[in-house]
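Down below is the structure, laid out as structure tokens.
Residue numbers (this note's numbering), protein chains in the order written: chain F, 27 to 142; chain H, 106 to 222.
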């Protein structure tokens, strides 16, 4: 079974530029998550989708970040314009269900963003 | 609000020894779940083990076991017979309920484990 796919693996941009990340979840997984992991910290949830609807985006800086999940499968996360503090690893995860006791989240390898 | 605390920034262990990574948590929910993930230098978060708050026995998965002490609100990960490939960051996480049954994971700061030959 293929895991969560993310691209690109690395991205270097200058501040005020825009950038987009792509994620393809595990086949059949209803829920998709985007996390931001700043160096030296644990991941922090940015947005969660169930199929193609947003479940939680309370931690997403909506003035510059946007995300969509077309047709309930692939998802893109965009930053426009980027700031220096957006330098981080952006992790995508998916899970089979929305809730449930165990509901394991499976992660991709992430995209490492450097904003200069 | 849920919170995870990992107090060991780094651990150094000799190969083949057992190692315990500490995790304490705080929540007011009676039903919760605790997870451990491994993050090697490649960046991917790898699920290791899960413990539910109502589970009667401590979880085990191969060389990984979870020492769950509910009264102390601790969920320490034990790795037996450590291997060089175990060198990585390890994150403890808690399932936090959002709305309508949806959940997110709240992560600790992580512990960097280094296995010496």
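From the three backbone atoms N, C-alpha and C, an ideal C-beta is built for every residue, glycine too.
By the CB criterion at 8 angstroms, residue 107/H and residue 127/H fall outside the cutoff. Restricted to the segment 150-216 of chain H, the beta strand (DSSP E) segments that are unbroken, complete and at least 3 residues in length are 151-157, 169-174, 179-184, 193-202, 208-212, listed in chain order.
Segment contact: the segment 57-64 of chain F against the segment 113-125 of chain H, fewer than three CB-CB distances shorter than 8 angstroms; contact not assigned. DSSP places residue 94/F inside the beta strand (DSSP E), whose first and last residues are 91-94. Under the 8 angstroms criterion on CB atoms, residue 95/F is classed as non-interfacial with respect to chain H. The Cβ-Cβ distance between residue 129/H and residue 209/H does not fall below 8 angstroms.
Contact annotation for residue 130/F against chain H: 152, 155 [CB-CB distance below 7 angstroms, chain order]. From the beta-carbon of residue 173/H, no residue of chain F is found nearer than 8 angstroms; the closest lies around 15 angstroms away. At least one C-beta of chain F is nearer than 8 angstroms to the C-beta of residue 209/H. Put simply, the CB of residue 166/H is far from chain F, with every gap to its CB atoms at 8 angstroms or more. Here residue 41/F is exposed, its C-beta having fewer than 16 other C-beta atoms within 10 Å. Taking the beta carbon of residue 135/F as reference, the chain H residues within 7 angstroms of it are 147, 148, 149, listed in sequence order.
Counting along the chain, residue 132/H sits inside no beta strand (DSSP E), nor does DSSP assign it H or E at all. Within its own chain, the residues whose Cβ lies closer than 8 angstroms to the Cβ of residue 135/H, once the five positions on either side in sequence are excluded, are 158, listed in chain order. By the beta-carbon neighbour count (other beta carbons within 10 angstroms, threshold 16), residue 193/H is buried. Residue 107/F and residue 73/F have their alpha carbons spaced roughly 18 angstroms apart. Non-local beta-carbon contacts of residue 51/F in its own chain, meaning distances under 6 angstroms to residues more than five positions away in sequence, involve 30, 58, 120 in chain order. Residue burial annotation: residue 36/F is exposed, with fewer than 16 other C-beta atoms found within 10 angstroms of its C-beta.
Linking residue 140/H to residue 211/H through their CA atoms gives a straight-line distance of about 10 angstroms. Against chain H, the CB of residue 89/F has no partner CB under 8 angstroms away; the residue lies outside that interface.
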